[in-house]
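Undergrad: My numbering numbers the first residue of the sequence shown as 34 and each following residue consecutively. Shown below is the structure under consideration.
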Amino acid sequence: MDRATVQELRLCLQNEQQELLHKVATDPEVKNSTPKKPSAERVEQSLKKIEQLERRTVSMEQETERLREDNQHLQEANTALTQDKEHLQGSLARLRSQGAARDEAAHAQALAQGERHRTEALALETQLEGARREAGRTRQQLLRLRQELGILRAARDFNRRQRGPKANMLTGLAAAATAGGGISGGALANNKVKFKTGMRPRGPARLHRHRAVGPNQAIGGGGRSPARDDWEDISEDSGEEYSDSLDSHPIKSHRYAAASEQPAEAFSRTQPDVPNQGYKQREPGEEGGKRRSERKRRKAQRCGCCAPASLRGRVLALQRHLAVLQTARCDAQRSSQELRDANEKITSQLAQRLNVSKQLSQKLTSDLAGVEQQKKVLEMELEQWRQIHRTNTPQQLPSTASQPLETPSPPVLKALEAEVKHLHTKLKSSKAEVMSHTSANKALRAQLLEREEKLRELQEKWRVLIKEKGIDPVCVPQEGSTLLLVTQKPTQHHSGPRALC
């Protein structure tokens, strides 16, 4: 109740007192009649209502004490929430600074790595061009060598055809020598071999300048023989290796060799004591096989040297770089796990405190609703009491002697008015506190939502950064988590070392 209602009550009591005095003055002979009871009953009712109001004021004081305690709890929770807010703001600022530093470092590292890869790609392209040019030069040299080999085979066949009659002469001389007994078979064979080898001088093999050989001209020159350097031995079976050097020369040489070997076979049948050392000397033997195997080995080494030693060094450097990236990935995974755990802990604490504040606000709102309902009940009772006093007729005349004693005195009314006023102020203050706490809860909820949005933005930025770097995510965070770890970065140039790892 406010001051106006108390004043209205006072006016009503004064009016009733005046009416009772007027009735007593008009009818003094019936002082102790029946109208005295209604006035006493009214006074008793007013006293009872005053007692009820006092009890309600006591209950309202208790309610205000409870509201004050709840207010203190809410203030403590508010201070704790403000501290958590400051702590979260500091951690968020640190996370932002760390994220910006990581982004800058990753961007700079990506740029440097891209430049390094471009330079390596250019160097590899130049090496590839050089290797292609070298392969072209070796191919041309191989064609020249095959041409020279064909020329040498043609010259060999020509010399064999020219030496056919001379071999017949030597067989006759050998038969005469054996008949005379002056010369031994071994000496004759040695002279035969020397004569034949002297008849076949071989010039040095030249790669860049060739000399045309005529049909009636043998290859001459006093240089090194092909048997002493890395040339292959020119024999009948060497035509099987280079069958594609010339179209028709290997077949002809084989036919001419068979034709030239026929007199030697006839001589060996007629003269069994003379060994056929000249024809055995023309066969490749073990030295020719060794030279061919050595030549094949060198050719394989030349083919294997296409990948230079610089590529091996680069592979080792890339392996070391990959190991460094793997260690950085493990560190980033560990830090992201720690940040995720801290974020989950903070969010759980905030959610718990928010639930507590919600419960307190609901309790305060329910208490406020109860106080308002009590106020409405009191107002309704006061209105009913007013209506009852207004409907009463002025014929009821109480006694003049007992009326001033039964009516409440002005100090009591003033005290009642002061108490009611104090209760109204307490009610208003409790309403204001409840409103302030509800607004604080709303502000804290808005701050929590804003932080969740900021955390989601940081997660999206981290995912975009991972996608830009091309990293395979190992552990992808959910909506409530904060960060992520990095894994290997697949590039085109790292395929070699990663396969080795």
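Note that beta-carbon positions come from the ideal geometry of N, C-alpha and C, so glycine has one too.
1) Determine the extent of the alpha helix (DSSP H) in which Arg362 is found, giving its start and end residues.
2) CA-CA distance, Ala156 and Leu344?
3) Sort Asn474, Ser368 and Ile421 by Cα distance to Val389 and report the nearest one.
4) Look at the Cβ atom of Leu125, then the Cβ atom of Lys408, and state whether they are nearer than 8 Å.
5) Asp280 by DSSP, collapsed to three states: which one?
6) Helix, strand or coil: how does DSSP classify Arg196 here?
7) Tell me whether the stretch 158–166 and the stretch 345–354 touch, counting them as touching only if at least three CB pairs, one residue from each stretch, are closer than 8 Å.
8) Do Leu100 and Leu397 have their beta-carbon atoms positioned less than 8 Å apart in this structure?
9) Among Ala448, Ile83 and Gln131, whose alpha-carbon lies nearest the alpha-carbon of Leu16?
10) Closest to Arg89 by C-alpha separation, out of Met468, Val497 and His457, would be which residue?
11) Measuring alpha carbon to alpha carbon, tell me which residue in His422, Ala465 and Glu452 is nearest Lys93.
12) Give a yes or no on whether the C-beta atoms belonging to Leu393 and Leu481 are separated by under 8 Å.
13) Who are the Cβ neighbours of Arg347 in its own chain at under 8 Å, not counting the five residues just before and after it?
14) Ser399 to Glu87, Cα distance in whole Å?
15) Distance, Cα to Cα, Ala361 vs Gln122?
16) If Leu128 sits next to Leu491, beta carbons under 8 Å apart, how far is it from one beta carbon to the other, in whole angstroms?
17) Can the beta-carbon of Lys112 be found less than 8 Å from the beta-carbon of Lys459?
18) Of the residues Leu358, Met468 and Ala365, which one's Cα is nearest the Cα of Trp495?
19) Would you say Leu53 and His470 are within 8 Å of each other, going by their C-beta atoms?
20) Please look up how many angstroms separate the CB atoms of Asp136 and Leu498, rounded, as I've assumed it's under 8 Å.
21) Taking C-alpha atoms, which residue in Gln51, Arg75 and Asn376 lies nearest to Arg419?
22) Can you list, in chain order, the residues of its chain with a C-beta nearer than 8 Å to that of His243? Leave out the 5 residues immediately preceding and following it.
23) By how many angstroms is the C-alpha of Lys82 removed from the C-alpha of Ala37?
24) Answer with buried or exposed for Leu114, where buried requires no fewer than 16 other C-beta atoms within 10 angstroms of its C-beta.
25) State the CB to CB distance for the pair His422 and Glu49, rounded to an integer number of angstroms; the pair is presumed to be in contact (CB under 8 Å).
26) Tell whether a beta-carbon distance below 8 Å holds between Lys464 and Leu415.
27) Below 6 Å CB to CB, which residues in the same chain sit around Arg489 once its five sequence neighbours on both sides are set aside?
28) Decide if Ser368 is buried, meaning its Cβ has at least 16 other Cβ atoms within 10 Å, or exposed.
29) Measure the C-alpha to C-alpha separation of Gln395 and Gln385 and round it to an integer number of angstroms.
30) Which term fits Arg186, buried or exposed, when burial requires 16 or more other beta carbons within 10 angstroms of its beta carbon?
TA: A quick look at the data gives this:
1) Start and end: Ala342 to Thr424.
2) Straight-line Cα distance between these residues: approximately 10 Å.
3) Answer by Cα proximity: Asn474.
4) Cβ atoms of Leu125 and Lys408: not closer than 8 Å.
5) Note that Asp280 scores a pLDDT of 42, beneath 50, so its modelled location is shaky; the value from the coordinates is reported in the next line. The three-state reading of DSSP puts Asp280 in coil, since its state is none of H, G, I, E or B.
6) Per DSSP, reduced to three states, the secondary structure at Arg196 is coil, with no helix or strand assignment.
7) Taking 8 Å as the limit for Cβ pairs, the verdict is that the stretch 345–354 does not touch the stretch 158–166.
8) Between Leu397 and Leu100, the CB-CB gap stays under 8 Å.
9) Nothing in the structure corresponds to residue 16, since the chain is present only between 34 and 534.
10) Among Met468, Val497 and His457, the Cα nearest to that of Arg89 is on His457.
11) In the sequence under discussion, the amino acid at residue 93 is Met, which differs from the Lys named in the question. Nearest of His422, Ala465 and Glu452 to Met93, Cα basis: Glu452.
12) Remark: C-beta atoms of Leu393 and Leu481 do not approach each other more closely than 8 Å.
13) Residues of the same chain with a CB within less than 8 Å of the CB of Arg347, apart from the 5 flanking positions on each side, are Glu153 in chain order.
14) The alpha-carbon of Ser399 is positioned some 23 Å away from that of Glu87.
15) So the alpha carbons of these two residues sit roughly 28 Å apart.
16) Right, the Cβ-Cβ distance comes to about 7 Å (below 8 Å), so this counts as a contact.
17) Per the sequence presented here, residue 112 reads as Thr, with Lys not at that position. Thr112 places its beta carbon 8 Å or farther from that of Lys459.
18) Of the candidates Leu358, Met468 and Ala365, the one whose C-alpha sits nearest the C-alpha of Trp495 is Ala365.
19) Not in contact: Leu53 and His470 (Cβ atoms no closer than 8 Å).
20) Between the beta-carbon of Asp136 and that of Leu498 there is about 7 Å, and that keeps the pair under the 8 Å contact cut.
21) When Gln51, Arg75 and Asn376 are compared, the shortest CA-CA separation from Arg419 is found for Arg75.
22) Note that His243 scores 44 on pLDDT, short of 50, meaning its location in the model is unreliable; the coordinates nonetheless yield the value given after this. Excluding positions up to five away in sequence, the list reads Arg177, Gln180, Glu181 and Ile184.
23) Roughly 18 Å separates the two Cα atoms.
24) Counting C-beta atoms within 10 angstroms of its own C-beta, Leu114 has 16 or more neighbours from the protein chains shown and is therefore classed as buried.
25) The Cβ separation is near 7 Å, so the contact holds.
26) No. Outside cutoff.
27) Nothing listed; no residue qualifies.
28) Burial call: exposed.
29) Approximately 15 Å between the Cα atoms of the pair.
30) Answer is buried; the Cβ neighbour count reaches 16.
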